[in-house]
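So the working numbering is basically just the index in the sequence shown, starting at one, shifted up by 270.
Each residue gets a CB set at the ideal place from its N, CA and C atoms; glycine is no exception.
From a predicted model like this one, the values you see are computed outputs, not experimental measurements.
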Amino acid sequence: MPSYFLSIGDDLLFRIVEGEPLSSLNIERCGFLPVSARAEVLRPISVGVLTVSDKGSLGQRIDLSGPALERSVVPLGAVVEATAIKPDDMDVIADTLKEWSDSLLLNLVLVTGGTGLSERDVTPEALSSVAHKHVPGIGEAMRSASLRITPNAMLSRLCAVTRNKTLIVGMPGSEKAVLECFAVIAPALRHGIEILCGWDGECGSRPD
Numbered sequence: 271m272p273s274y275f276l277s278i279g280d281d282l283l284f285r286i287v288e289g290e291p292l293s294s295l296n297i298e299r300c301g302f303l304p305v306s307a308r309a310e311v312l313r314p315i316s317v318g319v320l321t322v323s324d325k326g327s328l329g330q331r332i333d334l335s336g337p338a339l340e341r342s343v344v345p346l347g348a349v350v351e352a353t354a355i356k357p358d359d360m361d362v363i364a365d366t367l368k369e370w371s372d373s374l375l376l377n378l379v380l381v382t383g384g385t386g387l388s389e390r391d392v393t394p395e396a397l398s399s400v401a402h403k404h405v406p407g408i409g410e411a412m413r414s415a416s417l418r419i420t421p422n423a424m425l426s427r428l429c430a431v432t433r434n435k436t437l438i439v440g441m442p443g444s445e446k447a448v449l450e451c452f453a454v455i456a457p458a459l460r461h462g463i464e465i466l467c468g469w470d471g472e473c474g475s476r477p478d
């Protein structure tokens with residue numbers, strides 16, 4: 271059923287499902303409720319999480335990064351509508367991204383894995399092949415933050431592009447690194463998606 275989010279202040283976020291009583295509100299983000307807190311109704315952000323891993327796609331490795339991202343996006347007022355584990359194959363990755371953008375019309379796709387320097391790491395090339403625009407600041411922000419943790423971050427090829435009205439972000443493959451990078455870019459994601467989708471300027475990105 272269609273849902274939307276009620277944001278109160280900087281901390282509280284509730285998910286409201288149409289047709290269900292208000293007593294069944296789902297708390298997606300906890301926090302304090304100031305007396306003067308402003309309330310906004312937010313459009314849900316539709317999200318896809320794509321894990322790129324040869325071993326993961328064969329069931330030889332448990333995927334931890336994908337589920338970690340699925341949990342992390344919820345406080346943004348997001349609904350995960352698609353998940354998949356695909357091999358390190360540029361055409362397979364590109365086809366998945368095109369389907370999720372062109373057919374599923376997702377607002378945000380997070381791709382974890384395949385951003386290193388090995389021969390099989392082709393995620394940035396796949397993103398470039400489907401891109402309508404590049405968003406270099408997202409990759410730069412993730413790399414900059416990661417460099418404070420390890421100098422090896424300068425070898426990463428983290429990146430972001432848009433296709434139609436979908437923002438696609440190429441992220442690290444490890445659970446620890448992907449969560450660190452997501453924490454860096456999360457504050458800007460909703461605003462970027464609102465601009466990309468033409469919601470910017472609407473009061474709180476209210477649903478129709």
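Query raised in the report: Residue ranges of each alpha helix (DSSP H) run of no fewer than 4 residues wholly in the segment 309 to 343, ordered along the chain?
Result: Secondary structure remark: continuous alpha helix (DSSP H) runs of at least 4 residues inside the segment 309 to 343, in chain order: 324 to 327, 335 to 343.
**Report entry** Presumed contact (8 Å Cβ cut-off) between T393 and G336, rounded CB distance
**Finding:** Taking C-beta atoms under 8 Å as the contact rule, T393 and G336 fail to qualify, at a distance of about 14 Å.
Query raised in the report: With 16 other CB atoms within 10 Å as the buried threshold, where does G329 fall?
Result: Residue burial is scored here from C-beta neighbours: G329 has fewer than 16 other C-beta atoms within 10 angstroms and is therefore classed as exposed.
Report task. Would you kindly check if the distance between the Cβ of V317 and the Cβ of L380 is under 8 Å? Result -> Going by beta carbons, L380 and V317 fall inside the 8 Å limit.
Query raised in the report: Mapping DSSP to helix, strand and coil, what is V431?
Result: Per DSSP, reduced to three states, the secondary structure at V431 is strand.
**Report entry** CA nearest to the CA of C458, picked from P357, A338, G407, I363
**Finding:** Just to set this straight, residue 458 is Ala in the shown sequence, not Cys. Selected option, being the one with the closest Cα: G407.
Query - Span of the alpha helix (DSSP H), counted from its first residue to its last, around T366 - result: Per DSSP, T366 belongs to the alpha helix (DSSP H) from 360 to 368.
Query raised in the report: Nearest to R341 by CA position, among G468, A453, H461, I463, is which residue?
Result: For R341, the closest of G468, A453, H461, I463 by C-alpha to C-alpha distance is A453.
Query raised in the report: By how many angstroms is the C-alpha of H404 removed from the C-alpha of D358?
Result: Going by C-alpha positions, D358 is about 21 Å away from H404.
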